[in-house]
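Numbering (the UniProt record's numbering), first residue to last: 1 to 280.
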């Protein structure tokens, strides 16, 4: 009975509804037939204040199921739910509407509870990273004849998960990338820009303390190629750390969807007449 209730709640069914189903001995998963009743019961019930509940507010039901699995440290349930999310909704919707709200809820709980929820945040982040990597296990061939998108966290920035989501989505679209991850030193970053000649560089800063405006200006002004035909990358600044003062010569997309649209349009401008980038 307990296993059945855990299975139902990890899939997003509200606890009271799952308990009734388990008590009745009904061996079933939350199907399309079950969802309207579960949604009505959940909407009528005040948000849980029980210990361990995450501050999700009116988030999607999938967020609540993911949060329950994370709080229980239920790794198999996390993997199953994340794989299902990406399969049903695609990377962008899964990231923006489920993964990010759940990560934010865990972060808020961590901030208000000392170090009690560190393990929950780390486990959830790890499994989200795994799900993103699995989603692009079979990569679409990248665009030919143009430089890649270079993705890097600024020096001192360890939060690379949003860049992993962007990297996975770009790869799914068939756009070439080079993912360098967390805390890339300034010299290594500028050397990579000169070596690769990227079409675009995405710099991620989660906090204002790590947002390096001089570095962003330097990368935006870095050029390569023969004299008279030198090129510079388009620089996109991602993350809340860049809020406030604008860095001249850079773009600031608001979220994954906008970044993808900007980069797709950029690659389309490099395509030869009659040629288009690979379809997702």
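Beta carbons: idealized from backbone N, C-alpha and C, even for Gly.
Thinking just about the alpha-carbon of each residue, which of the options is nearest to the one in residue i?
i, options, result
"residue 185", "155, 124, 22, 235", "155"
"residue 264", "246, 242, 240, 176", "176"
"residue 233", "253, 168, 146, 101", "146"
"residue 97", "78, 61, 193", "61"
"residue 148", "83, 251, 3, 270", "270"
"residue 136", "109, 74, 168, 82", "168"
"residue 73", "89, 94, 117", "117"
"residue 258", "4, 170, 130", "170"
"residue 200", "206, 93, 211, 222", "222"
"residue 81", "121, 108, 130", "130"
"residue 252", "205, 226, 95, 69", "205"
"residue 249", "66, 235, 5, 152", "235"
"residue 230", "211, 256, 198, 244", "198"
"residue 124", "5, 134, 94, 71", "71"
"residue 65", "152, 6, 256", "6"
"residue 220", "88, 189, 75", "189"
"residue 284", "254, 94, 227", "Because the chain in this structure spans residues 1 to 280, residue 284 falls outside the shown range and cannot be described."
"residue 68", "95, 256, 245, 103", "103"
"residue 94", "75, 226, 256", "256"
"residue 245", "120, 211, 187, 121", "211"
"residue 207", "153, 174, 227, 226", "153"
Residue i by DSSP, collapsed to three states: which one?
i, result
"residue 174", "coil"
"residue 42", "Bear in mind that the predicted position of residue 42 carries a pLDDT of just 39, short of 50, making it too unreliable to give a figure here."
"residue 47", "Residue placement at residue 47 is flagged as unreliable, the pLDDT there being 38, under the threshold of 50; a coordinate-derived value is accordingly withheld."
"residue 5", "helix"
"residue 151", "strand"
"residue 36", "In this prediction, residue 36 has a pLDDT of 43, which is less than 50 and means its spatial position is unreliable; what the coordinates show is noted afterwards. In this structure, residue 36 counts as helix in the three-state DSSP scheme."
"residue 28", "Low confidence applies here, because residue 28 scores a pLDDT of 43, under 50, leaving its location unreliable and the question unanswered by this model."
"residue 201", "strand"
"residue 90", "helix"
"residue 156", "coil"
"residue 260", "helix"
"residue 167", "helix"
For the putative contact between residue i and residue j, defined by C-beta atoms under 8 Å, what is the C-beta separation to the nearest angstrom?
i, j, result
"residue 216", "residue 237", "6 Å"
"residue 165", "residue 132", "6 Å"
"residue 91", "residue 172", "6 Å"
"residue 283", "residue 1", "Given a span of 1 to 280 for the chain in the structure shown, any question on residue 283 remains unanswerable."
"residue 181", "residue 160", "5 Å"
"residue 85", "residue 127", "Incorrect: roughly 11 Å between the Cβ atoms, too far for contact."
"residue 218", "residue 247", "Not confirmed; about 10 Å, so no contact."
"residue 163", "residue 202", "7 Å"
"residue 63", "residue 101", "5 Å"
"residue 290", "residue 192", "Any question about residue 290 goes unanswered here, given that the chain covers just 1 to 280."
"residue 242", "residue 194", "Contact flag wrong, Cβ pair sits at about 23 Å."
"residue 283", "residue 178", "No statement about residue 283 is possible, as the shown extent of the chain runs from 1 to 280 and does not include it."
"residue 134", "residue 83", "7 Å"
Ordered list of beta strand (DSSP E) runs contained in the segment 219-258, each at least 3 residues:
Taken in chain order, the whole beta strand (DSSP E) runs of length 3 or more contained in the segment 219-258 are 234-238.
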